[in-house]
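If you're matching positions, the sequence shown starts at 211 in this note's numbering and goes up one per residue.
Positions of the beta carbon are idealized from the N, C-alpha and C atoms, including for glycine.
A short write-up of the structure that comes next.
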Amino acid sequence: MGKEEIELLFRVIPLAIGAAFTPSLFGLQLVAAVSPRWVSRTIATAIGAGLAFAIAISLLLFGFASLPADNRGQDSPLSGAIWLIVGIVLGASATWLFMPHPELAKSSEVRLTEGLNKARPVTFFGVAFALSIKDVTSFALLIPALHDIAASKVDIWFKVPTALLVYLIALIGVILPPIWRLIRREHAEVFLDKMFRFTMDHQFKILGVVAVFFAIYCIIIAVGTGKFGWVSW
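See below:
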């Protein structure tokens, strides 16, 4: 593995981790994991989220790979602009996310509990797909990551596994709860319930912290060497 491959991984993996912080989708999988038919429901939730992310990631990768040569490079003005714009948008959204939204938070929780108590697995699939497609923060973080993968000068054999790694990391929120339930069995329910309570009570603050952190991260990358080059770090 050469220098370019390592630098690419160091740039995109943090963004994939940030994209995994989706409180509503994570909350849905927690609900599924403590329900009576938890196996079929968690699988349906994971497939729904996985399909949505797969479609979005594939479209973005093909779109970036189809750009004219002048705009395709990871050190092109477009690349720097993408990172900078995403950073600014995340920073601006953090202001709204840190404001109190008690009614919106409550309605979000109600949609994940009252309406899904007797739902079939296909309903969990549909809700997970919808929540994933509407996940603006995650896709905002994936855009610069996928552009850098598509625009990188590394070989295709490295681009494909890197894109797959980004995809899997972004889905950690729907992968870990059923694994924990499988390992701990019924003993996992108490912990998963506490995680759900914490996630729902702090969902906007969680997104706000993610937005602030990655706003700074994206702006630092945008102005640094390899993008705009305004600062040599």
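Per-residue DSSP class, three states only, for residue i
i: lysine 213; result: helix
i: arginine 247; result: coil
i: serine 234; result: helix
i: alanine 329; result: coil
i: leucine 277; result: coil
i: leucine 491; result: Since the first residue of the chain shown is 211 and the last is 443, residue 491 is not available in this structure.
i: phenylalanine 408; result: helix
i: aspartate 345; result: coil
i: phenylalanine 414; result: helix
i: aspartate 358; result: helix
Within 7 Å, strictly: CB atoms of residue i and residue j
i: isoleucine 292; j: proline 354; result: yes
i: glycine 237; j: threonine 409; result: yes
i: alanine 262; j: isoleucine 343; result: yes
i: histidine 357; j: phenylalanine 274; result: yes
i: alanine 360; j: leucine 271; result: yes
i: leucine 240; j: phenylalanine 406; result: yes
i: glycine 290; j: alanine 432; result: yes
i: alanine 425; j: glycine 297; result: yes
i: glycine 418; j: phenylalanine 308; result: yes
i: serine 245; j: proline 331; result: no
i: isoleucine 267; j: tyrosine 377; result: yes
Alpha-carbon to alpha-carbon, residue j and residue i
i: alanine 254; j: glutamate 217; result: 35 Å
i: serine 348; j: alanine 315; result: 19 Å
i: isoleucine 227; j: phenylalanine 334; result: 23 Å
i: alanine 304; j: alanine 256; result: 28 Å
i: proline 233; j: serine 276; result: 33 Å
i: serine 286; j: glutamine 413; result: 36 Å
i: aspartate 365; j: leucine 375; result: 16 Å
i: tryptophan 306; j: aspartate 345; result: 16 Å
i: leucine 219; j: serine 442; result: 20 Å
i: tryptophan 440; j: alanine 302; result: 22 Å
7 Å Cβ shell around residue i - same chain, five flanking residues per side excluded
i: alanine 229; result: Ser348, Leu351, Leu352, Ala380
i: alanine 398; result: Trp390, Arg391
i: phenylalanine 368; result: Glu215
Beta-carbon proximity list for residue i, same chain, < 6 Å, skipping 5 on both sides
i: valine 384; result: Gln239, Thr255, Ala256, Ala259
i: leucine 294; result: Ala432
Neighbourhood of residue i by C-beta, 8 Å cutoff - its chain only, sequence neighbours within 5 removed
i: isoleucine 416; result: Phe231, Pro233, Thr409
Distance cut-off 6 Å: residue i Cβ against heavy atoms of the ligand ADP
i: leucine 261; result: Inclusion of the ligand ADP in the displayed structure is not the case, the ligand content being empty and no account of it being possible.
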